[in-house]
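A.B. asks: The working numbering applies: residue 26 is where the sequence shown begins, and numbers increase by one.
All C-beta atoms, glycine included, are put in the ideal place defined by N, C-alpha and C.
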Amino acid sequence: MNDAFSRVLSLLFGLAVGAGLGWVIGRWIGASGWGVACGAAAGVALAASIDAVRAERLMTWLRGTQTQPAPRDTGFWGETGYRVEKALRGREQEAAAERERLAQFLAAIDASPNGVLLLDADERIEWCNARAADHFGLDPVRDQRQLVTNLLRAPAFVNHLQSAEYEAPIEFTSPRGRTTIQVIVRPYGAGQKLLLSQDVTDRERMESMRRDFVANVSHEIRTPLTVLAGFVDTLASVPLSATEQPRVLALMRQQTQRIQSLVDDLLTLAQLEGSPRPSSDQWLPGDALVARVFAEAELLSAGHHELSLDAQPGLDVAGIESELTSAMANLLGNAVRYTPDGGRIAVQWLLRAADGCAVFEVRDNGIGIAREHLPRLTERFYRVDGSRSRETGGTGLGLAIVKHVVQRHGGEIEMQSEPGKGSTFRLVLPAARVRVRAASDVKAQSVATPASLHRDR
Ligand code: ADP
26 MNDAFSRVLS LLFGLAVGAG LGWVIGRWIG ASGWGVACGA AAGVALAASI DAVRAERLMT
86 WLRGTQTQPA PRDTGFWGET GYRVEKALRG REQEAAAERE RLAQFLAAID ASPNGVLLLD
146 ADERIEWCNA RAADHFGLDP VRDQRQLVTN LLRAPAFVNH LQSAEYEAPI EFTSPRGRTT
206 IQVIVRPYGA GQKLLLSQDV TDRERMESMR RDFVANVSHE IRTPLTVLAG FVDTLASVPL
266 SATEQPRVLA LMRQQTQRIQ SLVDDLLTLA QLEGSPRPSS DQWLPGDALV ARVFAEAELL
326 SAGHHELSLD AQPGLDVAGI ESELTSAMAN LLGNAVRYTP DGGRIAVQWL LRAADGCAVF
386 EVRDNGIGIA REHLPRLTER FYRVDGSRSR ETGGTGLGLA IVKHVVQRHG GEIEMQSEPG
446 KGSTFRLVLP AARVRVRAAS DVKAQSVATP ASLHRDR
């Protein structure tokens with residue numbers, strides 16, 4: 026009301042000033058009474074025109090995008106422009122802050138390890154983060170407003186979405202076909218849906234490995250147990266002759282040892298998985314370690330093979346003694362077990378000049394291994410020839426243990442083999458864990474690293 030009153034006042038004032046000025050000028054130039062009246066009328070018209078121009082200028086600014094400042098006039102139109110502009114700028118700042126908050130919120134969802142997909146009430150895609158786009162095989166921009174079931178046709182997914190029973194998550198193979206995706210659907214708002222997706226391929230693989238592992242262990246234990254149970258039944262019902270008894274007892278001991286070795290290897294693996302990484306400042310005399318393992322292999326071979334050792338003196342390694350000797354003994358034990366009588370087994374422990382790694386190499390001219398088996402040899406219970414492995418007391422866990430030990434020490438296993446010609450296994454320990462004790466006495470020798478090598482890290 027006050028504003029209206031002051032507006033009327035200022036308008037009247039402007040008109041009065043215009044009329045006054047016209048009247049004064051009329052008198053000054055000596056015009057007649059009519060002339061003075063015309064001057065006053067012209068003054069009023071001028072004041073009204075100035076007001077109209079200012080109003081028009083403000084209106085033009087308002088009709089535009091308001092990116093420029095409002096017209097800087099005095100009086101009513103000036104203040105109106107100033108206040109409109111201030112209100113506009115305030116709203117713009119609020120909207121910008123709102124947009125910034127939304128962008129940050131979306132960026133946070135985008136950074137989520139889970140996929141997030143929003144569907145409207147018609148199951149059209151409203152928004153998805155990059156992870157969901159990857160899981161569902163979508164393009165976040167191009168596929169906006171598309172029906173999700175047109176783009177994602179996996180029956181498990183479509184049926185689940187249409188079932189309206191969203192308590193349990195569902196799993197389906199991603200459209201790119203490599204991964205298993207788990208999806209949880211949560212309805213919200215007015216019929217909209219929030220879909221949370223997760224790549225569960227690794228979890229599934231681990232679960233399947235765990236199932237296989239339990240099945241393998243059960244199988245490995247059941248076989249000797251069945252044999253033992255058979256013998257126990259026989260002993261209970263039929264008295265054994267003096268000649269049969271030692272044979273039966275030997276067979277029973279063999280089966281018991283088989284279970285024992287399996288349990289020992291399982292415990293070793295469990296221990297390796299559970300213990301911290303070996304420290305890199307616990308130095309062990311490599312040559313002494315190798316000599317001890319070599320002596321054990323000679324006992325195992327019992328003169329059936331031609332064994333040779335070439336160990337570089339003063340070549341130390343940092344790690345855990347029991348683990349390293351167990352890994353070396355496994356490689357050497359395999360060479361003895363898979364090399365027919367009369368075969369040759371050569372052991373080396375050397376510093377590899379090319380990269381400063383220490384290499385424990387076991388080369389045999391035994392039965393060898395076909396190429397396709399090499400990548401799988403370090404899997405638990407993987408055997409090329411199951412019966413030969415079991416006959417010679419193998420558990421199928423030896424190379425899995427070696428791989429674990431080597432990985433924990435930051436190294437790798439290298440393998441080369443040819444059926445009928447023999448195999449070479451190398452345990453390569455990184456330079457950071459290797460030290461040459463008496464540098465002046467020790468001459469670095471090279472160990473070849475051919476290209477056709479299978480490495481298992
Ligand atoms: P196992 O207890 O059966 O020997 P490993 O894990 O030590 O288990 O070895 C896995 C498989 O690799 C063995 O069953 C065998 O078929 C093959 N293998 C390992 N070392 C040799 C070797 N030196 N010569 C031939 N085959 C080998």
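Just list the residues that DSSP pairs residue 212 with in beta bridges.
C.D. replies: Per the DSSP secondary-structure output, residue 212 pairs in a beta bridge with 218.
A.B. asks: Using 8 Å as the cut-off, classify the Cβ of residue 392 as near or not near the heavy atoms of the ligand ADP, replying yes or no.
C.D. replies: yes
A.B. asks: Are the region 364–378 and the region 318–338 in contact at 8 Å, needing three or more beta carbon pairs?
C.D. replies: The region 364–378 vs the region 318–338: in contact.
A.B. asks: Any idea if residue 468 is buried or exposed, counting beta-carbon neighbours within 10 angstroms, 16 or more meaning buried?
C.D. replies: In this predicted model, residue 468 has a pLDDT of only 48, less than 50, meaning its place in the structure is not dependable enough to derive any value.
A.B. asks: Go ahead and pull the three-state DSSP assignment for residue 345.
C.D. replies: coil
A.B. asks: May I ask you to verify whether the region 254–272 touches the region 191–210, counting CB pairs closer than 8 Å and requiring at least 3?
C.D. replies: Counting Cβ pairs under 8 Å, fewer than three are found: no touch.
A.B. asks: Within the same chain, show all residues whose beta-carbon is closer than 6 Å to that of residue 472, passing over the 5 residues directly before and after it, in chain order.
C.D. replies: Per-residue confidence for residue 472 stands at a pLDDT of 49, beneath the threshold of 50, marking its modelled position as unreliable; no derived number is given.
A.B. asks: Work out the CA separation of residue 99 and residue 86 for me, nearest whole Å.
C.D. replies: 16 Å
A.B. asks: In chain order, what residues of the same chain have a beta carbon less than 7 Å from the beta carbon of residue 362, not counting five sequence neighbours either side?
C.D. replies: 417 and 419
A.B. asks: Does DSSP put residue 372 in a helix, in a strand, or in coil?
C.D. replies: strand
A.B. asks: Of all the options 92, 153, 97 and 428, which has the alpha carbon lying nearest to the alpha carbon of residue 401?
C.D. replies: 428
A.B. asks: Between residue 293 and residue 268, what straight-line distance do the alpha-carbon atoms span, to the nearest angstrom?
C.D. replies: 38 Å
A.B. asks: Going by the beta-carbon positions, is the gap between residue 342 and residue 309 smaller than 9 Å?
C.D. replies: yes
A.B. asks: Does the pairing of the region 166–173 with the region 142–155 give three or more beta-carbon distances under 8 Å?
C.D. replies: yes
A.B. asks: Is residue 200 closer than 9 Å to residue 162 when the C-beta atoms are compared?
C.D. replies: It is a contact, given that the beta carbons lie within the stated cut-off.
A.B. asks: From the DSSP output, which residues share a beta bridge with residue 129?
C.D. replies: Looking at the DSSP assignment, residue 129 forms no beta bridge with any residue, so it has no partner.
A.B. asks: Select from 460, 405, 406 and 391 the residue whose C-alpha is nearest the C-alpha of residue 450.
C.D. replies: 391
A.B. asks: For residue 440 and residue 448, I'd like the C-alpha separation in whole angstroms.
C.D. replies: 7 Å
A.B. asks: Hey, how far is the Cα of residue 411 from the Cα of residue 242?
C.D. replies: 14 Å
A.B. asks: Per the DSSP calculation, residue 266 is bridged to which residue(s)?
C.D. replies: Beta-bridge pairing links residue 266 to no other residue.
A.B. asks: Which of the three DSSP states, helix, strand or coil, is assigned to residue 485?
C.D. replies: Lying outside 26 to 482, the shown extent of the chain, residue 485 is not represented and no answer is given.
A.B. asks: Does the separation of the CB atoms of residue 387 and residue 372 fall below 9 Å?
C.D. replies: yes
A.B. asks: Quick one: is the Cβ of residue 255 within less than 8 Å of any heavy atom of the ligand ADP?
C.D. replies: Distances from the CB of residue 255 to the heavy atoms of the ligand ADP are all 8 Å or more.
A.B. asks: The alpha helix (DSSP H) spanning residue 412 covers which residue range?
C.D. replies: 411–416
A.B. asks: Please report the distance separating the alpha-carbon of residue 399 from that of residue 137.
C.D. replies: Cα to Cα, residue 399 sits roughly 39 Å from residue 137.
A.B. asks: Of the choices 281, 225 and 348, whose alpha-carbon is the least far from that of residue 295?
C.D. replies: 348
A.B. asks: Where residue 403 and residue 190 are concerned, what is the direct C-alpha to C-alpha distance, given to the nearest angstrom?
C.D. replies: Cα-Cα distance, rounded: 44 Å.
A.B. asks: What did DSSP end up calling residue 383 once you bin it into helix, strand or coil?
C.D. replies: strand
A.B. asks: With a threshold of 9 Å between beta-carbons, can residue 153 be considered close to chain D, or not?
C.D. replies: This model lacks chain D altogether; it includes just one protein chain.
A.B. asks: Is residue 408 a contact residue of the ligand ADP, with contact defined as CB to any heavy atom under 8 Å?
C.D. replies: yes
A.B. asks: Could you check which residue in 210, 413, 125 and 176 has the C-alpha nearest to that of residue 185?
C.D. replies: 210
A.B. asks: Return yes when the Cβ of residue 287 is within less than 9 Å of the Cβ of residue 422, no when it is not.
C.D. replies: yes
A.B. asks: Buried or exposed: residue 25, going by 16 or more other Cβ atoms within 10 Å of its Cβ?
C.D. replies: Residue coverage of the chain in this structure runs from 26 to 482, which leaves residue 25 outside it and unanswerable.
A.B. asks: Provide the residue(s) that pair with residue 198 in DSSP beta bridges, ordered along the chain.
C.D. replies: 205
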